[in-house]
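Novice: Dropping a structure here in structure tokens format, bear with me for questions.
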Amino acid sequence: MVHSKTQEESDLLYVVHSKTQEESDLLYVVHSKTQEESDLLYMLSELQVRGLELHKLTLEQQNLKSRVRELQEDQNQNQDKAVREALRLHSQQSSSQISMKQDQYEKAVLSLQQRTDQLETKLKAVRLLPAERRAEGSLRGELSAHEALQVTEQRQKHAEKKNFQLEDKVSALTKLLRDIVPAALAT
């Protein structure tokens with residue numbers, strides 16, 4: 001019986017050892033699963049952190065896009081204001097130039113009108129002169145022209161006469177030189 005007790009104890013020890021081994025294996029599996037769960041939880045928390053960071057970056061990107069749109073709108077408004085101001089200034093300058101040119105034109109028209117009035121007055125005065133005075137003036141003009149023509153004709157005749165006399169003198173001098181020069185060279 002001692003042997004049988006020892007065998008029983010040995011079997012019992014074997015069973016206890018097996019159970020202990022099973023428990024140890026189970027503890028190892030539990031520990032592994034706990035480690036896996038811990039790793040998964042860590043990865044989950046990392047993913048959540050990254051998700052939050054991504055969400056934060058998405059919000060920042062949206063804010064930046066919104067700010068860019070606002071800046072573009074401001075820039076467009078400023079450009080529109082600048083263009084409107086430039087157009088307003090150009091319009092003012094053009095209006096001033098047109099006004100100055102219109103004043104100059106009006107002054108020129110007034111001056112021409114005054115000159116026309118003066119000429120019309122003189123023309124009326126000339127038309128009112130008696131016909132005799134005009135005829136008398138016309139005769140005087142004709143007489144003056146006739147006298148001037150006669151004086152010119154007399155001067156031309158006098159110039160032709162002097163020219164003829166000078167030509168005679170030149171011929172006589174040429175003849176005299178032809179006679180004298182050979183005699184002078186011979187001596």
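Note that the sequence shown covers residues 1 to 187 in the UniProt record's numbering.
Beta carbons are placed, not taken as given, at the ideal position from N, Cα and C, and that holds for glycine.
The model shown is predicted, which means the values in this text are computed figures rather than measured ones.
1) Please report how far the alpha carbon of Asp-117 lies from the alpha carbon of Lys-107, in whole angstroms.
2) Taking the alpha-carbon positions, what's the Arg-50 to Val-68 distance?
3) Expressed to the nearest angstrom, what Euclidean distance is found between the alpha-carbon atoms of His-158 and Phe-164?
4) Report the rounded CA-to-CA distance for Thr-74 versus Leu-110, giving the unit in angstroms.
Specialist: In short:
1) 15 angstroms
2) 26 angstroms
3) 10 angstroms
4) The sequence given here has Asp at residue 74, not Thr. When rounded, the distance between both Cα atoms is 53 angstroms.
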